[in-house]
Structures are given as structure tokens and as C-alpha cells.
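First to last, the protein sequences are chains A and B.
No gaps in the numbering here: position 39 of the first sequence is 43 in my numbering, and each next residue is one more.
No gaps in the numbering here: position 105 of the second sequence is 111 in my numbering, and each next residue is one more.
To keep things clear, I will list the structure first and then write my remarks on it.
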Amino acid sequence: MKGKDLINIGIFSAIYFVIVFVIAILGMIPVFLPLLVPIFGGIPFMLFLTRVRKFGMIWIMSIIMGIMMLLTGMSWPPLAVSVFSGLLAELVYRSGKYKSATKAVVTNGVFSLWVAANYLPLFFNAEKYWASRQNYGQDYIDAVTKLMPSWMCPVTFIAAFVCGIIGGLLGKALMKKHFEKAGIA
Amino acid sequence: MAGLFTADIENRGLVLDPRTKLAVMITLVVFALGGAGSDIQAVRLATIAVSALPVVLLATARQWKKAAVFGLLYAVLKSAELLLVPQLSGAALSIVGLCCLIFVRLMPSLIMGAYMLSSTTVSEFIAAMHRMHVPQQITIPMSVMFRFFPTVMEEFAAINTAMRMRDIRMGGRNAGRLIEYRLVPLMVCSVNIGSELSAAALTRGLSTGIRRTNICKIGFHVQDFAVAAVSGAVYILWILGMTGVVK
């Protein structure tokens, strides 16, 4: 990997993170984050994939996203997940010899998994957390666990993956429409 | 957004090492957000103390307004969680309870994030990452990214103005093309600026692969030890709590 590749990672990470940031601010209800980020992030990510020729570029971008989440106070699970999902995304795209357009769409889906990890801490230690709040009454515990059941956790990951596929397709369509014509894809 | 890692070096009060800030952030994430050890009374109280730390730090960095707003907001939410929620029942309990639960847990680390980004410069952060032996493959893209944020925001503002003139906006006639007509031009110009940037970076020897030097002086001082002691205390209480020494 050369300097130019590293700079490309930095530039696309910046665009991607701006999208994450804008959605996080606009989406007052944080539930939309794992749905909207993979869709709109798919547009720059698909363009980024056309520049990926060497092993590690997708992985590094994924790790950087995780570090940014830690720095902005979204906790460490995104970093822990992004290290693995990034490597997985890298391997998926590598299996298509860094060329396959179909694999690129799947890569965006896998890459998007870290977004869902932002909600992991709310599911961690749930029982201990509730045990410390017994004085609030069983009503409260029931009410909140009803709104945030533990099956929500895998569902957010699946939602992020599916939206990542949608975003990948959207990005692919836009690439065909604009970037190939302009000669930058 | 454009203010990421753009600390005012002249007027930022007490300077902490970026690594200390990172340690406080991790402590907050583990205890305030992650709720570790929340079955132990002493850890619960210590977590409240550590949660107040980012507000104190904002004040030491002379960011009075931010400190006051965040501090007040957190105090209101935390007291609502402690005093108001047990009194409620039914639907009000669900809504207020869930809001308190999410915001009380998220806020300390988000305030810490705001402090961290507004009190550290990019150079200091990169220097700290070097000291922590983070490989160049991570630090170079990250420094490019921070350098690039203001550019992206500037370009985005200009594109936004142009598209509003064409009535491509929320509630306008061409709302359907809202996203496409903003992101596509943004990416085209970012790619162009990016290739100029990489040419500039290559002339500064970015791709030579040797160890790069940094003019920034970072290191641990009295204030770092004080802050580290406060956050370290929570871990000690947690261990003591698990072995049954304190309750």
C-alpha cells in the first residue's frame, strides 16, 4: 500500500463520516442510524471500492470509522465490531478480485455492520442494570424491556446489512449514471 | 463539524495529554454507558462523579458556555431519572423512563467527545497515536481525514446553496433528487481535491515509509495524574466490589 492509497482512504473516510454525522444530527430518533447510514454511505463507498486494488484498504477504513465512534463518544463496541466486519468485507471484495460489481454490493452490506454496533452497549449488562434499579418498580423494568427487547439486537445488525445492500445498489446505479460518464469511476 | 480537532491553542486553559483524555473516555464508556458494576452501590456513586468529569474538563479548557449547557442538561436528566421516574406509571413511565435511560447513559461520553475534539489539535492527536504505536497505515489516513473535513463542509455548503436555488430542497418542487444532486457533485469535487492533496502530500515525503517526526510536545503532567486518579478510582472500587470488600 502506497501513500496515495492511504490518502484515498482518508478522503473517502472524511466524506463517509460527514454523512454519518449529518444523519446523526438530523435523525432526532437514533433508531434511523443503522437504516440511513448504510444507504447514503453506500454512494461514496461504492466509488471508494473502484479505487481499492490492494489488500487492507477497506479494513483500514472500517477501523478508522470505529476509532471515530470512540472519539465522538459512541463507545467501543463499534470499534470492536468494525475490526472484524472490515476484514470480512475486505475478504468478500477480495474474492471478486477487487473487480466484481456484485461482490462490491455485498461488501457494502458487510461493511455497514459497524453502524448497528453503536447500539450494543444499551443491550449489555442489561440484567445487572435492571437489578440496580429494582426500586423503580417492576412496571418500569417491564415497560423498558418491552420497548427494547433483546431480539432487537440481531435485528439492527440484519437491518444494517439489508440497508447496506440497498445502498450498494443505489451507489452502483449512480456510478453508472454519473461517474463512469465523468471518467472518475 | 468543521470544528473537529481545531483547538484554540492560545486560549485553552489546562492542557491534558490526548492519551489521558482517551483513558477517561474509555472509563466513561465502560461505566456510564456500559453500566459495568452498576449492581454495586459504591461504583454507582463513583460513576456519577466520573460522569461529571467531562463538564469540569470543559470548564478547565475555558469553554464556559458548553460546560454550563451540558452540565445543566445532564443534571436535569440525571435528577429526573433519580427522582421523577420512580413516581410515574403507565405510558408516561415508558416514555420518560426510556428517554432518561438512553440520554443519561449516552451523555457523559458524548460530552467527553465534545471536549476531546475541541481541546486537542490534529498534530497532538497524531503524536499521541504515534506514542501508542498505532501503525502509519492508520495515522496517515486519519490525518488526511481531519485535514479534509473543513474542505468537505465548505464544498457541501456551496453545493447546498446552488441546489436550493434550483429548488432542489426539502419541500421544494424537486425534493426527490435532494440526495443525488448533493452527494454526486460533492464526491466529484472531493476526488479532484483529493488528487491535488495527494500530490502535495507526496512532495512532503508521505510515501517514503520512514518514521515521521512531530513538532508537538505531549506528555503527562500533574493535571493528567489527577484526572487519571479519579477515573482509576472507579476501576478499583469495581474490583473491590466484585471481591466483596465494598458494597
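Where a beta carbon is used, it is the ideal one built from N, C-alpha and C, also for glycine.
| Helix, strand or coil at T54 of chain A according to DSSP, with G and I counted as helix | coil
| Closest Cα partner of Y20 of chain A within the set A:G175, A:G77, A:R98, A:K6 | Selected option, being the one with the closest Cα: A:G175.
| task | Please compile the residues from chain A whose C-beta is within a distance smaller than 8 Å of the C-beta of A207 of chain B. | result | G7, I11
| If you run the structure through DSSP and keep just helix, strand and coil, what is T126 of chain B? | coil
| Just the Cα atoms here: how many angstroms apart are N220 of chain B and A133 of chain B? | 6 Å
| request: Using only alpha-carbon positions, find the residue among A:K180, A:V56, A:V119 that is nearest to V248 of chain A. | output: Absent from the model: residue 248 of chain A. The displayed extent of chain A is 5 to 189, so no value can be given.
| task | Indicate whether at least one CB of chain D lies closer than 8 Å to the CB of T54 of chain A. | result | Of the protein chains in this structure, namely A and B, none is chain D.
| query | Q258 of chain B versus chain A: which residues are under 8 Å apart at the beta carbon? | reply | Lying outside 7 to 253, the shown extent of chain B, residue 258 of chain B is not represented and no answer is given.
| field | Segment limits, alpha helix (DSSP H) that includes T76 of chain A | value | Unbroken run through T76 of chain A: none, as it is neither H nor E.
| message | Between the alpha carbons of G77 of chain A and L107 of chain B, how many angstroms are there, rounded? | response | Approximately 16 Å between the Cα atoms of the pair.
| query | Going by C-alpha distance, which of A:S99, A:G90, A:L75 is nearest G119 of chain B? | reply | A:L75
| query | Which residues, in order along the stretch 169–191 of chain B, keep a beta-carbon less than 8 Å from a beta-carbon of chain A? | reply | I185, E186, L189, V190
| Spatial neighbours of V251 of chain B in its chain, beta-carbon cut-off 7 Å, leaving aside the 5 residues before and after | Taken in chain order, the list of residues that qualify is empty.
| field | Cα-Cα separation between F162 of chain B and Q47 of chain B, rounded to whole angstroms | value | Their Cα atoms are separated by approximately 49 Å.
| query | chain B beta carbons: is any one of them nearer than 8 Å to that of S154 of chain A? | reply | no
| said: Under 8 Å: do the stretch 186–196 of chain B and the stretch 228–242 of chain B share three or more Cβ pairs, one atom per stretch? | reply: Taking a cut-off of 8 Å on C-beta distances, the stretch 186–196 of chain B does not touch the stretch 228–242 of chain B, as fewer than three cross pairs fall below it.
| is_contact[F155 of chain B, chain A] using C-beta, thresh 8 Å | yes
| task | Just the C-alpha distance for V56 of chain A and K8 of chain A, rounded to the nearest angstrom, thanks. | result | 11 Å
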